[in-house]
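In my numbering, the protein residues as written are 168 to 444.
Only one structure is covered here, and it is reproduced in the block below.
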């Protein structure tokens with residue numbers, strides 16, 4: 168049985184480890200703060216001796232520590248762990264959060280990539296068995312696929328990547344491998360609606376296009392085609408999109424205005440109308 172220590176809050180560095188929980192839900196934190204104020208802390212946090220700016224680094228209990236800071240308490244009950252190294256401490260944090268917190272697939276992949284960026288591991292394949300030792304081959308493969316998506320989209324392309332399900336992220340990874348990554352980024356960048364629902368509808372349409380293309384009988388395209396998007400001028404991008412009834416060409420940019428659309432309609436009528444005669 169580990170002893171519980173009362174450790175001053177100012178001696179705990181919550182940033183000693185990269186964290187898999189990238190954001191705190193304000194409602195959940197408020198509820199936890201009220202509960203601690205009324206009943207005290209039910210589960211101590213976990214810390215480890217640190218050589219950093221503070222004597223202890225936080226392993227688990229980020230929300231609990233945040234709530235104590237909100238309450239301006241001076242100390243917090245804590246278990247002092249002795250992990251063999253930083254990767255072991257990371258694995259302990261992840262194990263605790265897998266049990267107690269609703270960590271999203273995006274956050275799981277993000278912590279793997281962050282650990283690599285910090286130099287704790289060289290590759291994803293080296294990191295996965297250390298950070299997620301209980302995952303079988305299939306779960307690690309799914310997490311590796313999500314890591315590809317996180318790497319491609321980064322921190323700013325998607326408004327709320329944590330809302331994406333494992334199924335959605337796996338689908339994106341499949342289509343990234345099929346070469347649709349640049350088209351996805353163009354669709355997100357050119358859209359003025361940055362809501363998560365709209366962003367997913369754009370990505371899903373691109374996935375549907377690529378998936379239908381892969382299933383269709385081999386069509387006779389010119390070399391280097393089909394083309395999914397083209398930036399035809401610095402301020403004009405054209406992207407094709409499959410719809411239920413056919414196809415849509417989306418024109419975005421400063422020159423995508425009425426007169427240009429009239430020119431395009433004239434060109435279509437002249438070119439394809441003549442073919443039908």
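The C-beta atom is built at its ideal place from N, Cα and C for all residues, glycine as well.
May I ask you to report which of helix, strand or coil DSSP gives residue i?
| i | result |
| --- | --- |
| residue 443 | Low local confidence applies: a pLDDT of 44 at residue 443 is under 50, so the model's placement there is unreliable, with the coordinate-based value given in what follows. Note: residue 443 maps to helix in three-state DSSP. |
| residue 325 | coil |
| residue 168 | The pLDDT assigned to residue 168 is 47, lower than 50, so where the model puts this residue is not dependable; a value taken from the coordinates is nonetheless given after this. Looking at residue 168 - three-state DSSP - the assignment turns out to be coil, as it is neither helix nor strand. |
| residue 360 | coil |
| residue 194 | helix |
| residue 174 | strand |
| residue 229 | helix |
| residue 270 | coil |
| residue 209 | coil |
| residue 219 | coil |
| residue 180 | strand |
| residue 286 | coil |
| residue 242 | strand |
Which residues mark the beginning and the end of the beta strand (DSSP E) in which residue i is found?
| i | result |
| --- | --- |
| residue 249 | Note, residue 249: premise wrong, no beta strand (DSSP E); not H, not E. |
| residue 416 | 414 to 419 |
| residue 404 | 403 to 409 |
| residue 398 | 396 to 400 |
Excluding the 5 residues preceding and the 5 following residue i in the sequence, name in chain order all residues of the same chain whose CB lies nearer than 7 Å to its CB.
| i | result |
| --- | --- |
| residue 241 | 175 and 176 |
| residue 211 | 171, 244, 245 and 246 |
| residue 352 | 324 |
| residue 204 | 238 |
| residue 181 | 225, 229 and 232 |
| residue 236 | 176 |
| residue 280 | 314, 317 and 318 |
| residue 202 | none |
| residue 192 | none |
Ordered along the chain, which non-local residues of its own chain (more than five positions away) have a Cβ less than 6 Å from that of residue i?
| i | result |
| --- | --- |
| residue 336 | 272, 313 and 316 |
| residue 265 | none |
| residue 253 | 287 |
| residue 419 | 357 and 404 |
| residue 198 | none |
| residue 446 | This structure does not reach residue 446, given that the chain is present from 168 up to 444, and the question cannot be answered. |
| residue 445 | What is shown of the chain runs 168 to 444, which leaves residue 445 out entirely. |
Let's see if you can read the secondary structure: which residues bound the alpha helix (DSSP H) around residue i?
| i | result |
| --- | --- |
| residue 307 | 304 to 320 |
| residue 344 | 333 to 344 |
| residue 297 | 291 to 298 |
Closer than 8 Å by C-beta to residue i: which residues in its own chain qualify, once you throw out the five before and the five after it? Chain order, please.
| i | result |
| --- | --- |
| residue 443 | Confidence at residue 443 is low in this model, with a pLDDT of 44, below 50, so the placement of that residue should be treated as unreliable; the coordinate-derived value is given next. Counting only Cβ-Cβ distances below 8 Å, and skipping sequence neighbours, we find nothing. |
| residue 168 | Only weak support exists for where residue 168 lies, its pLDDT of 47 falling under 50; the value from the coordinates is given anyway. Nothing listed; no residue qualifies. |
Hey, does residue i have any beta-carbon neighbour from chain D nearer than 8 Å?
| i | result |
| --- | --- |
| residue 433 | As a matter of chain content, chain D is missing from the structure shown, which is built from one protein chain. |
Original post:
Would you call the region 348 to 357 and the region 320 to 333 touching, i.e. three or more CB-CB distances under 8 Å?
Top reply: A contact between stretches requires three or more CB pairs, one per stretch, nearer than 8 Å, and the region 348 to 357 meets this requirement with the region 320 to 333.
**OP:** Would you be able to state if there are at least three C-beta pairs under 8 Å between the region 304 to 319 and the region 241 to 252?
**Re:** Remark: fewer than three beta-carbon pairs, one from each stretch, lie closer than 8 Å, so the region 241 to 252 and the region 304 to 319 are not flagged as touching.
**OP:** Take every Cβ of the region 224 to 241, pair it with every Cβ of the region 295 to 308, and state whether three or more of those distances are shorter than 8 Å.
**Re:** Taking 8 Å as the limit for Cβ pairs, the verdict is that the region 295 to 308 does not touch the region 224 to 241.
Original post:
Would you say the region 403 to 410 touches the region 367 to 376, given that touching needs at least three Cβ pairs under 8 Å?
Top reply: Contact between the region 403 to 410 and the region 367 to 376 is present, because at least three Cβ pairs lie under 8 Å.
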